[in-house]
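Numbering of the sequence shown is given in our numbering, commencing with residue 3 and proceeding in unit increments.
Even glycine gets a Cβ: it sits at the ideal position worked out from N, Cα and C.
Note that the structure is predicted; figures quoted are calculated from it, not measured.
Heads up, the thing below is written out as structure tokens.
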Amino acid sequence: MITPRFSCSQTAESVVISIYCPSIRASDVEIHVDETLLTVHINPYFLRLNFSNRLLEDDESSAQYDPGSGYLIVTLTKETKGEEFKDLDLLAKLLAPRSTQIQHQPIIEVVGTENVSNDEDDLVERTRALALDRQEILEAAENDWQLPQDVPKPLADFDLSVEKRYGFLDMHSGYFRHVSHMENEVNELGADAEFCSPDERRKRRIMHEDEKFDGEHYMADYMDDESIREVLTWKHPHITNADECQYTEEEKLAMLRLPRREYLATSTQTHDLYLTLLTLLFSYAYDARFTQHDPSTESAWTISALTPAFSALDPPPYFASIHSALTPANDPIFSPSEIASALVPSYRRSLAFPLYRSFALAETCRTDVAELLCKGRRTVVRCLIELKRILDLHEVYYIYSKIWVEDFCVWTQAYATDDNLKKLATCVKFLKMEKSLLGWDLEKLETVTQEQSRDDDSDDETDD
């Protein structure tokens, strides 16, 4: 079946769905409405949309087909007149199945769902109940009512596979089996990319960053920063635009080409995805400033080199998170320390790999990330689509679009919330990033540069 192009709009009384399906017979159209779910079948097209509120298929509803334009216009009545249907422009969210939760992380793409009642919190409560029953039996047998009983820790998953998974929710593998035959300049794991453990990936990433950092390059950019100052004064159009984000036809087509996936992430996994999103937006913001939002042939390399989840398959978090597994997935908590930890590798990489290596530039990119997050899901999705387009056009780095950005485009539309993005934006905006966290004694290098600059000025005055 083919998913047709479509768009949605609304009035106070109804929702209008415009479906492009040329060369069909109107008599073959099958439309079914089930509360929030709309199903349209016209061979060879099939469209299933899940709306935020309920619809009715009553006498006021209609479906009209225009053979000249090829558009089928379906008008459905709102069950509650005047109710606003949210996110009609987030096509991936409309196409997503009805959300469900289960306790285990899937490693396959979900193509159908059944009603699942057990979520992560239910599993914890049931485990506690079982432990309590066991405790009462033991205490009754030993007649020792003061004996403490703890819930035993679950056994670690037993994995017989030599290959390690990576990418979005560790759903991917096999993309680097032939990496030795590819000119992947940002891959820091070499031919071992498929077999490195997460700890080994992190170790190699840090080692590579330390090797690539050049103190003299940093000092030169710190002293002669005229070009960098021009980059710092540039303003991103997505931030300065005061109008509500309206997607172009090209962006809508890009969203329609995204895969149909459902992500059954735990609360901890969801929390970590928000942190990884920070690193993607940081790399995007750096390249946008460097090219003034006009991507160059080097943009794919810049973005891939600055993103630790790409170059070393090493996403956040980078320290033991204090986030509780019992925290609801729809209300993640972000601490300043973990936000700083998530951004430290991005800062380090911005000072070790690209042409302009400036702490002030990294700070400005962090501010850009906060402003983009504050704009909400629509703007973040637009940035991700632009990032995906840059990577897709590269003959090597497109794999990072497949294992990371593609899923983030779908997940952000269907699962991220504006409230959580704005909470994250606030944490990023008011973050105090200390130079000492980067581990390269930047303050000492800056002091030496200033002293050399004063000595040079003094020599010039003496010569005069």
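A contact is defined here as three or more CB-CB pairs under 8 Å, and the stretch 180 to 194 fails this definition with respect to the stretch 285 to 296. DSSP places Ser-339 in the helix class (H, G or I) of the three-state scheme. In this structure, the straight-line span from the alpha carbon of Ser-9 to that of Leu-93 is close to 8 Å. For the alpha helix (DSSP H) assignment, the uninterrupted runs of no fewer than 4 residues enclosed by the stretch 398 to 428 are, from N- to C-terminal side, 408 to 416. In this structure, the beta-carbon distance from Pro-261 to Val-412 falls below 9 Å. When the Cα atoms are used, Leu-258 and Ser-11 turn out to be separated by approximately 17 Å. Taken atom to atom, the span from the alpha-carbon of Ala-416 to that of Asp-316 is near 24 Å. For Glu-32, the enclosing beta strand (DSSP E) begins and ends at 32 to 36.
When secondary structure is reduced to three states using DSSP, Cys-385 falls in the helix class. The alpha carbon of Thr-419 has as its nearest neighbour, out of His-210, His-273 and Glu-15, the alpha carbon of His-273. Sorting Asp-68, Asn-45 and Leu-40 by C-alpha distance to the C-alpha of Leu-96 places Leu-40 at the top. Judged by pairs of C-beta atoms under 8 Å, the stretch 240 to 259 touches the stretch 379 to 397, as three or more such pairs exist. With 16 or more other Cβ atoms inside 10 Å of its own Cβ, Gly-169 counts as buried. Of the candidates Pro-46, Leu-308, Glu-264 and Ser-337, the residue whose Cα lies closest to the Cα of Thr-428 is Ser-337. Counting along the chain, Gln-66 sits inside the beta strand (DSSP E) bounded by residues 64 to 68. Tyr-320 carries a coil assignment under DSSP once its states are collapsed to helix, strand and coil. A Cβ-Cβ contact shorter than 9 Å links Leu-357 with Phe-292.
For Lys-80, the enclosing beta strand (DSSP E) stretches over residues 73 to 80. For Thr-41, the uninterrupted beta strand (DSSP E) run begins and ends at 39 to 44, by DSSP. Residue pairing from DSSP places Phe-48 in a beta bridge opposite His-43. Taking Leu-255 as reference, the option from Glu-388, Ser-455, Ala-28 and His-43 with the minimal CA-CA separation is Glu-388. Going by DSSP, Gln-12 is part of the beta strand (DSSP E) stretching over 7 to 12.
Residue pairing of Val-430 in beta bridges, as defined by DSSP: absent, with no partner found. DSSP lists Cys-10 and Val-76 as the bridge partner or partners of Ile-19. Contact fails between the stretch 205 to 223 and the stretch 235 to 242, because fewer than three Cβ pairs, one in each stretch, are under 8 Å apart.
Ile-241 carries a helical assignment under DSSP once its states are collapsed to helix, strand and coil.
In this structure, the alpha-carbon of Ile-392 lies about 6 Å from that of Ala-302. In the structure shown, Leu-57 falls within a strand segment according to DSSP collapsed to helix, strand and coil.
Residue burial is scored here from C-beta neighbours: Asp-409 has at least 16 other C-beta atoms within 10 angstroms and is therefore classed as buried. A contact is defined here as three or more CB-CB pairs under 8 Å, and the stretch 68 to 80 meets this definition with respect to the stretch 16 to 28.
DSSP places Ala-287 in the uninterrupted alpha helix (DSSP H) bounded by 269 to 293. If you check the CB distance, Gly-217 and Leu-447 come in under 9 Å.
Secondary structure at His-219: helix, using DSSP grouped into helix, strand and coil. Excluding its 5 nearest sequence neighbours in each direction, Pro-24 has C-beta neighbours in its own chain below 7 Å: Gly-72, listed in chain order. About 25 Å separates the CB atoms of Val-398 and Leu-280; that is not less than 8 Å, and the two are not in contact. If you check the CB distance, Phe-53 and Met-3 do not come in under 9 Å.
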